[in-house]
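For the sequence shown, our numbering gives the first residue as 713, with consecutive numbering after it.
Cβ coordinates follow ideal geometry from the N, Cα and C atoms, glycine included.
Written out below as structure tokens is the structure these notes cover.
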Amino acid sequence: MTNKAFLAKLLELNACSEAVEWVGKKSFRTAWNECVRADWMLWLVCKMEIGTRAERIHAVCDCAATALKYVPIGEDRPRLAIEAARAYSDKPTPGNLEKLNAARAAWDAAGAAAWDAAWAAAAAAGAAGAAAWAAAGAAARAAAGVAWDAARAAAGAAAHKKMCVLIRGRIKP
Numbered sequence: 713m714t715n716k717a718f719l720a721k722l723l724e725l726n727a728c729s730e731a732v733e734w735v736g737k738k739s740f741r742t743a744w745n746e747c748v749r750a751d752w753m754l755w756l757v758c759k760m761e762i763g764t765r766a767e768r769i770h771a772v773c774d775c776a777a778t779a780l781k782y783v784p785i786g787e788d789r790p791r792l793a794i795e796a797a798r799a800y801s802d803k804p805t806p807g808n809l810e811k812l813n814a815a816r817a818a819w820d821a822a823g824a825a826a827w828d829a830a831w832a833a834a835a836a837a838g839a840a841g842a843a844a845w846a847a848a849g850a851a852a853r854a855a856a857g858v859a860w861d862a863a864r865a866a867a868g869a870a871a872h873k874k875m876c877v878l879i880r881g882r883i884k885p
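Next up, the structure:
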């Protein structure tokens with residue numbers, strides 16, 4: 713995708729001004745290969761539905777899993793939500809949906825913090841009305857929310873770079 717087409721797409725999708733400015737004169741391919749903001753990459757793959765639904769869910773889970781080391785010992789909800797999202801994305805069976813819904817309910821009952829607007833928009837766009845994707849995305853976002861905040865605070869740019877490598881390894885546009 714040329715720079716002109718990529719910028720037009722970003723504007724159409726209401727990308728943040730910081731990301732549009734960063735893209736500047738880069739083509740899609742160059743921006744993809746050079747990006748060091750995992751949140752931008754995940755927003756983009758979900759908004760543009762790049763890769764399969766399962767690849768997108770696994771990419772979010774891969775990123776969330778990098779921060780599990782910051783979750784307090786005995787707090788299993790993030791790990792269980794990640795596992796449930798992965799299982800349901802791979803095998804959307806009634807049993808896996810039940811596990812996914814249970815993981816989400818555990819977060820809701822505990823008053824988990826709401827995901828930021830970009831993630832919510834990405835999940836909504838990626839869902840395209842599909843209830844299964846919405847459920848899987850919600851669990852992955854819930855798991856990622858606490859883990860992402862901890863990773864960002866603890867590791868900042870290094871965490872972003874690591875997650876960008878994981879995303880590029882999982883999704884090949």
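Worksheet entry | Closest by C-alpha distance to residue 754, when choosing among 724, 713, 731, 738 | 731
Discussion item. Check for me: the alpha helix (DSSP H) holding residue 721 runs from which residue to which?
Written reply: 715-724
Fill in: CA-to-CA distance, residue 759 to residue 692, given in whole angstroms
Nothing can be reported for residue 692, as the shown portion of the chain is limited to 713 through 885.
Discussion item. Less than 7 Å between C-beta atoms, sequence neighbours within five positions excluded: which residues of the same chain meet that for residue 875?
Written reply: 750, 775, 778
Worksheet item: Is residue 772 near residue 869, with beta carbons less than 9 Å apart?
Response: Their beta carbons are not under 9 Å apart, which means residue 772 does not touch residue 869 by this criterion.
Worksheet item: How is residue 742 classed by DSSP in three states: helix, strand or coil?
Response: helix
Worksheet item: For the alpha helix (DSSP H) that residue 732 lies in, which residues bound it at each end?
Response: 729-735
Fill in: Other residues of its chain near residue 715: CB distance less than 7 Å, five sequence neighbours each side excluded
737, 738, 739
Worksheet entry | DSSP state of residue 868 mapped onto helix, strand, coil | helix
Discussion item. If you reduce the DSSP assignment to three classes, tell me which class residue 788 lands in.
Written reply: coil
Discussion item. Along the chain, where does the alpha helix (DSSP H) containing residue 655 start, and where does it finish?
Written reply: Nothing can be reported for residue 655: it is not among the residues displayed for the chain, which extend from 713 to 885.
Fill in: Of the listed residues 745, 752, 741, nearest to residue 727 (C-alpha basis)
752
Discussion item. I need the DSSP call for residue 779, collapsed to helix, strand or coil.
Written reply: coil
Item to complete: Would you kindly work out how many angstroms separate the C-alpha atoms of residue 841 and residue 791, rounded to a whole number?
Response: Any reading at residue 841 needs caution, since the residue's pLDDT is 34, under 50, leaving its predicted position unreliable; the model's value is listed next. Computed Cα separation, rounded: 26 Å.
Discussion item. For a test of the three-state rule: what should DSSP assign to residue 806, helix, strand or coil?
Written reply: helix
Worksheet item: Would you report the Cα separation of residue 743 and residue 735, rounded to the nearest angstrom?
Response: 6 Å
Fill in: Buried or exposed by the 16-neighbour rule on C-beta atoms within 10 Å, applied to residue 879
buried
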